[in-house]
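Protein chains in written order, with our numbering: chain A, 6 to 481; chain B, 2 to 399.
See below for the structure under consideration.
What follows is the structure, encoded as structure tokens:
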């Protein structure tokens, strides 16, 4: 089930809200069990057979968490962490990477059978989430949760189950047992959810239509203009698609009293790749930082070791996104620039004018997305060759003009929405409201809500009239 | 509680009630839908509610089907589709709306940029060639010449009406024609490129609809003449062929909604009419559809002049199998199979033969090769539009 579906919006959510809020708030545990059951039902829509895997993952992390609790001997605690890591990674490894590694081994002349394994939705997210729980318990950053259902609720909570953000246990542990649902939070959650839904339905899906139309062609005959328009469209698509999902997850969480951390912070205004990765998929980069980079030594080591640490983290980041060489290359692409910005051209970048820094960053990001979106490295190479003007199929000006004319409202909205317009407006209105402006205060109060209602109407319109509706990050 | 806090609380409550109320309303309207099984403007069946099975629940396909059903039957779907079309046409001025290129006096198909024109992929044509070979083999077994007729579609006739940035597919069609004109004779198949013939004629402006993918009755009539002239020349036959002096074209007064107008919910009406033929000398015939006798007709006249008509006026639309008998034993029989372009041709083709078999493999369950061997026609004609000329599915099956 996806959030942007009739099933979710018109059936699942109303049912859940009705059942959840019929139970008085003082029966916290019952409300939690309701959330858990609905979360498992939510996940089952992708196929009931995958539910068993989710429950196994919950069980592994629950038991490992018990072992890692601070009252045990260090040996038992280490065993708990090791169990969670080995079993969790093994599950992820089998379902996601078995085919990839088998093909890699076969490329050296072996003849092992390549397993065809269906990738369960969200396995990369809930595996990492479970691991973070056990490791945080081991580190004494979190208290071990004795109630297995609450561990299940943490891992399987439907707003962030299938496409993040990767929520740390410490963020929600207190709220699992002791949260306060309020009208204010519910209303704010609704606004956030509706705006996220509109971002997905209006912006991400439109850009996706363009990207898909071009990416389905043969790259060896792809005109330059078409390659560029597809690259730009995908750059918008992936941002709005993924950040929309995070918006909806955060909004939904808030409706039930949970406060998840932000996952995106307007990454396309970045002036360096380093800054980009502080703004993009924050929960993933911070996960790798806290559980891989820092344990390896982070930057508190020699330059050579730091470079090694960055390489490991970013190759793993690439691999996390997909079991294919183009994802590994995508990770390598970014680590090259991250290392370069840290050790080679740091000063040059600092002294450069802002606009140049921004262009530099966005060019790297756009090219990176070409690797990310392409089915393989050969395709990516063909796309980049066309983008560089070495296409034998001409300039593709016609196709470029068509996609610009056909989707001009969406292009304009995309260009506006990558900037923190909302934040700027909000700050300006808050200043005026503080000075006593009633109008500014009313606009602050009603503006977002009316906007969200309009977005809801437009989203329903798009939902009913469209059919292109996959979330990109479901493959992870 | 001070005034500002009260207003804030009120705004939040209003927001919650508005959203939950809207969800509830849509839920109610969706589970109580009108009993619609088809979408007229989309020209398709709406999704059915599938029955769950252990397998489909376990692998999730049941829920995917459920979503498709709900999306097809969601509240106010058709009204919202119309509203969306209106907005795209009038507010945003999109050049392509609902897969239709919106011109001032013509509605054309949106042809995707698929670069076939630049890199014709010969290797993916193998299944098509294999099927073609099987049909030819069946035709040979019954001693029937096999004609493969390429029918130009609307975008060919109006290639110059496309905006410069859109693809009329003319390059691709050139390659298709070149490929087939070299290949098919080597197979012993007669390739008839109607594009080459019709596009060179003075009257070509009358041959295609401005609002539909198909040719007009005038275009179909000319196509029929070209086919018959080729048969007569190639086989030294003297089969009767109708010309302009043998027929009268009549305009059907009923409002006509072409497939492109339909896609746009008739928001753009170019006021085109359908035409039909009256033969100066009627030829009596019987008709059997799918083995059952039906009241013989080639033009399906509506009950009154107000009833809207579509291309199904010709022969009643796409029929899986139809046989027209004229009881003139001295004339040969013909099998014509293909896409809906054959429908308008069939309205006049039967006049030149004793018996006309018509099959549409998109709806016919069996094999055309077996059909040929069973019915033993004297001529076999396959007529397909350029956009599916090389496809092995549908009427490209054997």
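We put the CB at the ideal spot given by N, CA and C, even for glycine.
From the beta-carbon of residue 31 of chain B, the residues of chain A found nearer than 8 Å are 11, 15. The alpha-carbon separation between residue 146 of chain B and residue 380 of chain B amounts to approximately 5 Å.
DSSP, read as helix, strand or coil, puts residue 415 of chain A in helix. For residue 114 of chain B, the neighbours in chain A by C-beta distance under 9 Å run, in chain order, 218, 219, 222, 228, 231, 401, 403, 404, 407. Counting of Cβ neighbours within 10 angstroms places residue 29 of chain B among the exposed residues, the total staying below 16. In the structure shown, residue 187 of chain B adopts helical secondary structure according to DSSP, grouped into three states.
By the rule that beta-carbons nearer than 9 Å mark a contact, residue 54 of chain A touches chain B. For residue 51 of chain A, the nearest CB of chain B lies under 9 Å from its own CB, placing it at the interface with that chain. Counting C-beta atoms within 10 angstroms of its own C-beta, residue 419 of chain A has 16 or more neighbours from the protein chains shown and is therefore classed as buried. In summary, the residues of the region 61–81 of chain B whose CB is separated from some CB of chain A by less than 7 Å are 61, 64, 67, 68, 71, 72, 75, 78, 81, in the order they occur in the chain. Around residue 264 of chain B, no beta-carbon contact reaches into chain A at under 8 Å, the shortest distance being about 13 Å. With a threshold of 16 other beta carbon atoms within 10 Å, residue 65 of chain A meets it and is buried. If you look at residue 200 of chain A, you'll find it in the alpha helix (DSSP H) that goes 188–203. For residue 195 of chain A, the nearest CB of chain B lies under 9 Å from its own CB, placing it at the interface with that chain. CA-to-CA, the gap between residue 25 of chain B and residue 77 of chain B works out to about 14 Å. Per DSSP, the unbroken beta strand (DSSP E) holding residue 251 of chain B starts and ends at 248–252.
For residue 58 of chain B, the C-beta contacts it makes with chain A under 7 Å involve 53, in order along the chain. In this structure residue 122 of chain A touches residue 104 of chain A by the C-beta definition: roughly 6 Å separates them, less than 8 Å. Boundaries of the beta strand (DSSP E) around residue 339 of chain B: 334–339.
Between the region 196–207 of chain A and the region 376–391 of chain A, the count of Cβ pairs shorter than 8 Å is below three; the stretches do not touch.
Using a CB distance cut-off of 9 Å, residue 461 of chain A counts as an interface residue toward chain B.
Between the C-alpha atoms of residue 415 of chain A and residue 96 of chain B there is a straight-line separation of about 14 Å.
Contact between residue 161 of chain A and residue 59 of chain A holds, since their C-beta atoms are separated by about 6 Å, short of 8 Å.
DSSP places residue 298 of chain A in the helix class (H, G or I) of the three-state scheme. Here residue 113 of chain B carries a coil assignment [DSSP, helix/strand/coil].
Counting only residues of its own chain and dropping the five nearest sequence neighbours on each side, residue 71 of chain A has a CB closer than 8 Å to the CB of 85, 149, 151. Between the region 338–356 of chain A and the region 273–287 of chain A, the count of C-beta pairs closer than 8 Å reaches three or more; the two stretches touch. Here residue 46 of chain B is bridged, per DSSP, to B/39.
Positions of the alpha helix (DSSP H) runs, each at least 4 residues long and wholly inside the region 318–370 of chain A, are given as 330–344, 351–356 in order along the chain. Beta-bridge partners of residue 212 of chain A (DSSP): none assigned. With a threshold of 9 Å between beta carbons, residue 331 of chain B makes no contact with chain A. Under the DSSP assignment, residue 388 of chain A falls in the alpha helix (DSSP H) whose first and last residues are 382–392. Straight across, the Cα-Cα distance linking residue 53 of chain A with residue 194 of chain A is about 29 Å. Across the structure, residue 374 of chain B and residue 99 of chain A are spaced so that their CA atoms are roughly 54 Å apart. Using a 10 angstroms sphere on the CB of residue 49 of chain B, the tally of other CB atoms stays under 16, which defines it as exposed. Taking a contact as a CB-CB distance under 8 Å, the pair residue 293 of chain A and residue 322 of chain A counts as one, their CB atoms being some 6 Å apart.
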